[in-house]
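Sequence lines, in order, name chains F and H. Heads up: the first sequence runs through residues 1 to 356, numbered per my numbering. Heads up: the second sequence runs through residues 1 to 356, numbered per my numbering. Ideal Cβ positions, reconstructed from N, Cα and C, are used throughout, including at glycine. Let me begin by presenting the structure, written as structure tokens, before commenting on it.
Protein chains: 2
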Amino acid sequence: MNNKSEETYTIGVKEIARRANVSIATVDRVLHKRTGVAEKTRKKIEQIIKDINYQPNMLASRLASKKIYELSVLIPQVSKETDYWEAPLHGVQKAESEINKYGIKVHTYLFDLNSKASFIAQTDKILSRNIDGVLLAPSFIEESTHFALRCKEKKIPYVFINSDIPNQDSLCYIGPDLMKSGYLAAHLMNYGISTQEKVLVVNISKEIDNHHHLLRKEEGFRRYFEDHQKAVEIVKVDIRHTDYSSIEKSLKEVFSQHPDIRAVFTTNSRISSVARFVEQAGKEKLLLIGYDFLKENISYLKKETIDFLICQKPEEQAYRGIIALYQHLLMASAVGKVHYMPIDIITKENYSFYSN
Amino acid sequence: MNNKSEETYTIGVKEIARRANVSIATVDRVLHKRTGVAEKTRKKIEQIIKDINYQPNMLASRLASKKIYELSVLIPQVSKETDYWEAPLHGVQKAESEINKYGIKVHTYLFDLNSKASFIAQTDKILSRNIDGVLLAPSFIEESTHFALRCKEKKIPYVFINSDIPNQDSLCYIGPDLMKSGYLAAHLMNYGISTQEKVLVVNISKEIDNHHHLLRKEEGFRRYFEDHQKAVEIVKVDIRHTDYSSIEKSLKEVFSQHPDIRAVFTTNSRISSVARFVEQAGKEKLLLIGYDFLKENISYLKKETIDFLICQKPEEQAYRGIIALYQHLLMASAVGKVHYMPIDIITKENYSFYSN
DNA sequence: AATACTTTCGGGTACGTACCCGAAAAAATT
DNA sequence: AATTTTTTCGGGTACGTACCCGAAAGTATT
Chain F
1 MNNKSEETYT IGVKEIARRA NVSIATVDRV LHKRTGVAEK TRKKIEQIIK
51 DINYQPNMLA SRLASKKIYE LSVLIPQVSK ETDYWEAPLH GVQKAESEIN
101 KYGIKVHTYL FDLNSKASFI AQTDKILSRN IDGVLLAPSF IEESTHFALR
151 CKEKKIPYVF INSDIPNQDS LCYIGPDLMK SGYLAAHLMN YGISTQEKVL
201 VVNISKEIDN HHHLLRKEEG FRRYFEDHQK AVEIVKVDIR HTDYSSIEKS
251 LKEVFSQHPD IRAVFTTNSR ISSVARFVEQ AGKEKLLLIG YDFLKENISY
301 LKKETIDFLI CQKPEEQAYR GIIALYQHLL MASAVGKVHY MPIDIITKEN
351 YSFYSN
Chain H
1 MNNKSEETYT IGVKEIARRA NVSIATVDRV LHKRTGVAEK TRKKIEQIIK
51 DINYQPNMLA SRLASKKIYE LSVLIPQVSK ETDYWEAPLH GVQKAESEIN
101 KYGIKVHTYL FDLNSKASFI AQTDKILSRN IDGVLLAPSF IEESTHFALR
151 CKEKKIPYVF INSDIPNQDS LCYIGPDLMK SGYLAAHLMN YGISTQEKVL
201 VVNISKEIDN HHHLLRKEEG FRRYFEDHQK AVEIVKVDIR HTDYSSIEKS
251 LKEVFSQHPD IRAVFTTNSR ISSVARFVEQ AGKEKLLLIG YDFLKENISY
301 LKKETIDFLI CQKPEEQAYR GIIALYQHLL MASAVGKVHY MPIDIITKEN
351 YSFYSN
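See the structure below:
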């Protein structure tokens, strides 16, 4: 219907070659900083390129090039304790299947959330390969920062998902606003309790560093009550083991000390363990708020043991992370620094409509 | 370095042609539902296409095709009253200059925020052309809904920016969470006032329909105080004229009736008019909160007449809207339904670091 | 059965860039 | 001055798809 040639006269290597009175191949050599061009011609061509502000046609470039961009994904493995990371994995796979035909290849590396060592081992493995981009869940702050630095040195772009480490020159962060989600949790909780009542914050995570992200949620949670001068007593417990019996033990202790706790905020998906405990302990109804759309959590949501789940589209996070890298590498198109995901509130009533 | 052919054997029209024992051209005819193919061969080819789940290579397709995708942008014109829409316009232009070489063309249509008629006239103009996608600021609810319906009929994807009309089957919405931003405004205000004090909400907009979006901010604003059981008295004034003298008149009236107002929340960028009034009236310091990074607003921010501006990256909204359409049309890649922009708080201290 | 017309199809070129291969030119070595 | 070596460069093909043009096959008309 429309004819391109009528409209825009696209200016490409051919035109540059014509103006410089050389062949396309020579222009190409200059563009790719390859050797085999006399200094004089190089200068001349570079000047023309600058003059006309040449922008390569990425479509043609990708089509002709045999180069394959290799992306690495580093996220926690799915464990028996939580299958949260299944969703991001799906997002990665979905993105890959969409773009692999354009010369993108994704390698997935999994680490154990309970082991910094496994994280480090995987980063080493990634860096030993020749990689063009990284998608990363920076669960361990220090190690991730170090990894990011090494990537920066090698000029490898990296994207954070799920939790952010600000000011790390990442290409972007795609995920929740942790503070806000904690704040929201408090807000929800506030509907169910009255002043002077006791609430419990539970952080469950083996590695202390990993804890840091949970703390940001906790911070938001506390901030809410401060902001609203609500005299709520917040009891807090850190549980450093993720197996149920350890959790049970810790919770038993807390509740014996504070039998008047009325609500529990669990800063990650381990809320199901808390729910299990609450059920088994046969306690009166507590208000439970936690994270993530996991089968086990949903089952407790159905039974109304859990009241709210906060969820932030884990699948889409990873999907968009990969796409962002693709965009960046192939289209050289600017990518927004931060992509906060909507903070979704899942209840018994709406869970069946939720899509990750 | 890497060689594609080693790895993935891409399966394309050529392979289909080989299997069907026809030429590439015939396969192409089937793919594009063109005429000139015997029913029998068509069936056969369609079967093969389905069997191998053929996915066309968009890069090659776009490169070879002469088709130009025409996008229309419909946003308010920059008026003497507010230059807010300059930023989105820049975003559009930036996006266009990035992707025009891939066969995307953008036509910008501007309407008068004070005239529904102008909006309708422009939508008609847009629909009379053969358009492949629309970026739209749905300032007038009813008219926009109607326009969206007509686009849907024609299977033209459309993206909302700046304000959303949910459940309208838009490709996506990119912009602020209006309610939350009002909520935030209340939150900020809450720091500066004590209980029992009076605050003023000002909606300034000629067209009542346009008002609707302002109301969502107001709703968020009120919600905050409800949520926190703050006994704040909220006075409200709707101003249906955007010239300063009308605003002045209305405000004078309000303040004479309520001389004890301590803070003002203006639900859009017209906050500068309020600031001007406050200065001229020589009132004691009021807490002023409004919207948008405009020159005039900033000047009042510097003088501390305005305390906070809430801003949501108007340029990036439009930029990302265009890119989303491009993605959708060319890459057939899924686009997230909602892209909420960060809610940025601009103060005297940080405004110089802000980027739209 | 010859002609005209319609339908069906394939060859081939183009899109803009990447990159191979070999030729020409320049420089270095005899 | 003849040669080898090195540097510089251009022709040409490929990427996967779109689409033009003309040929072959089929159908209708005399």
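In this structure Leu-325(H) is in contact with Leu-171(H), their Cβ atoms being roughly 7 Å apart against a cut-off of 8 Å.
When the Cα atoms are used, Ser-352(H) and Leu-301(H) turn out to be separated by approximately 11 Å. Taking 7 Å as the Cβ-Cβ cut-off, the segment 48–65 of chain F approaches chain H at Gln-55, Asn-57, Leu-59, Ala-60, Arg-62, Leu-63, given in chain order. Sequence-distant partners of Thr-82(H) (beyond 5 residues in either direction) whose C-beta falls short of 6 Å from its own C-beta, in its chain, are Ser-269. No residue range can be given for Asn-114(F), since it is assigned to no beta strand (DSSP E) and is classified by DSSP as neither H nor E. Annotation for Thr-242(F): no beta strand (DSSP E) segment contains it, and DSSP assigns it neither H nor E.
The Cβ atoms of Leu-200(F) and Val-254(F) sit closer than 8 Å to each other. In this structure, Leu-287(F) sits near Gly-192(F), with a CB-CB distance shorter than 8 Å. Residue-level contact by beta carbon holds for Tyr-102(H) and chain F, with a gap shorter than 8 Å.
Taking each of Ile-204(H), Asn-53(H), His-90(H), Ile-346(H) in turn and checking the Cα distance to Ser-250(H), the smallest one comes out for Ile-204(H).
One Cα belongs to Val-27(F), the other to Phe-147(H), and the distance between them is close to 48 Å. Not a single CB atom of chain H sits nearer than 8 Å to the CB of Pro-88(F).
Under the DSSP definition of a beta bridge, Thr-266(H) partners with Val-202(H). Sorting Phe-111(F), Gly-220(F), Ser-115(F) by C-alpha distance to the C-alpha of Gln-122(F) places Phe-111(F) at the top. Per DSSP, Asp-51(F) is one residue of the alpha helix (DSSP H) stretching across 39–51.
Between Leu-31(F) and Leu-59(H), the C-beta spacing is not below 8 Å. In the DSSP assignment, Ser-72(H) falls outside any alpha helix (DSSP H) and within the unbroken beta strand (DSSP E) covering 69–76. Within chain H, the residues whose beta carbon sits less than 9 Å from that of His-228(F) are Asn-190, Asp-227, His-228, Gln-229, Lys-230, listed in sequence order.
In this structure, Tyr-183(H) keeps its C-beta atom at 8 Å or more from the C-beta atom of Arg-129(H). One alpha carbon belongs to Ser-118(H), the other to Phe-160(H), and they sit about 18 Å apart.
Against chain F, the CB of Pro-342(H) has a partner CB under 8 Å away; the residue lies at that interface.
By the CB criterion at 8 Å, Ile-323(F) and Val-92(F) fall outside the cutoff. Its Cα nearest to that of Asn-100(H), the residue Ile-11(F) stands out among Ile-11(F), Val-264(F), Lys-101(F). Annotation for Gly-182(H): the continuous alpha helix (DSSP H) segment containing it runs 178–192. Beta-bridge analysis with DSSP links Glu-233(H) to Lys-198(H). Listed along chain H is no residue with a C-beta nearer than 8 Å to that of His-32(F); the closest approach is about 13 Å. Listed along the chain, the chain H residues whose CB falls inside 9 Å of the CB of His-187(F) are Asp-227. Here the alpha carbons of Ser-299(H) and Ile-234(H) stand approximately 27 Å from one another. When the beta-carbon positions are compared, Val-202(H) and Val-134(H) stay at least 8 Å from each other. Excluding sequence positions up to five before and after Thr-305(H), its CB lies within less than 7 Å of the CB of Ala-275, Val-278, Glu-279, Leu-288, all in the same chain and listed in chain order. Rounded to whole angstroms, the separation of the alpha carbons of Ser-115(F) and Tyr-109(F) is 14 Å. Ser-355(H) is classed as exposed because its beta carbon has fewer than 16 other beta carbons within 10 Å across all chains shown. Taking a 10 Å sphere around the C-beta of Gly-220(F), we find 16 or more other C-beta atoms and assign the residue as buried. The segment 41–55 of chain H makes no contact with the segment 42–62 of chain F: fewer than 3 CB pairs, one atom from each, lie closer than 8 Å. Inclusion of Tyr-84(F) and Pro-314(F) in the CB contact set at 8 Å is warranted, their separation being smaller than that value. For Asn-167(H), the number of other beta carbons within 10 angstroms of its own is below 16, and it is reported as exposed.
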